[in-house]
Amino acid sequence: MRNELADKGWKNVVAVQANPSLDAADMKQACEWLKQILEPQSQQGGLLIQLNANEQASDFHQQVRALRASVRCSVVRQIKMSLLPQIAQQLSPESLLLLQALIARNYGATGFVVGLQHSRSALRFVLQYRDELGIDLIPVKHRTARQLAQTPPLALAA
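Under the UniProt record's numbering, the residue at position 106 of the sequence shown is numbered 106, and the numbers go up by one with no gaps.
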């Protein structure tokens, strides 16, 4: 994936987790980060959606198509999706977030959105390693309960 992104000339790539749904706040944060980083009229950036889903599910392909159709970011022309194995049960929240950030970097991402599904302690843990990670960590601002209730996730089709 890293070589493919480099061949396309993508110099700035932000990764967002969809686990198994994509939160609207995560998407908004990713687009805002790219807007700040990219020069106007530049096509040298992109969005990488890292999907954690059960590919054995009978409606897996329908879920992926629904997720892809729901992704909107006016800053980028192309969006790539990558399927990651479900490993959340085997790792602590801190280790899981660190692994997700490492995978994003290894896939060629230069930024990684840390969404609201991650605990603050996991974010603090990963921030300790930001220099070694070599990737910008982009935390989504925490919202009030009212804001959370009013912002539905960009969910996969049921």
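C-beta: ideal position from N, C-alpha, C; glycine also.
Which of helix, strand or coil DSSP assigns to residue i
{"i": "A53", "result": "coil"}
{"i": "K11", "result": "coil"}
{"i": "D26", "result": "helix"}
{"i": "S121", "result": "helix"}
{"i": "R2", "result": "helix"}
{"i": "Q17", "result": "strand"}
{"i": "S70", "result": "helix"}
With 16 other Cβ atoms within 10 Å as the buried cut-off, status of residue i
{"i": "L83", "result": "exposed"}
{"i": "D104", "result": "In the sequence as presented, Asp is not what sits at residue 104; that position holds Ala. Answer is buried; the Cβ neighbour count reaches 16."}
{"i": "residue 167", "result": "Here the chain covers residues 1 to 158 and nothing more, so residue 167 does not appear."}
{"i": "H118", "result": "buried"}
{"i": "L97", "result": "buried"}
{"i": "N54", "result": "exposed"}
Residues bridged to residue i (per DSSP)
{"i": "G108", "result": "According to DSSP, which records beta bridges pairwise, G108 is partnered with nothing at all."}
{"i": "V114", "result": "P139"}
CB of residue i within 8 Å of CB of residue j, strictly
{"i": "W33", "j": "I135", "result": "no"}
{"i": "M27", "j": "V13", "result": "no"}
{"i": "A30", "j": "G108", "result": "no"}
{"i": "V140", "j": "G115", "result": "yes"}
{"i": "V71", "j": "L51", "result": "no"}
Distance cut-off 7 Å: residue i Cβ against heavy atoms of the ligand NAP
{"i": "Q50", "result": "Judged by which ligands are present, the structure shown has none, so any question about the ligand NAP falls away."}
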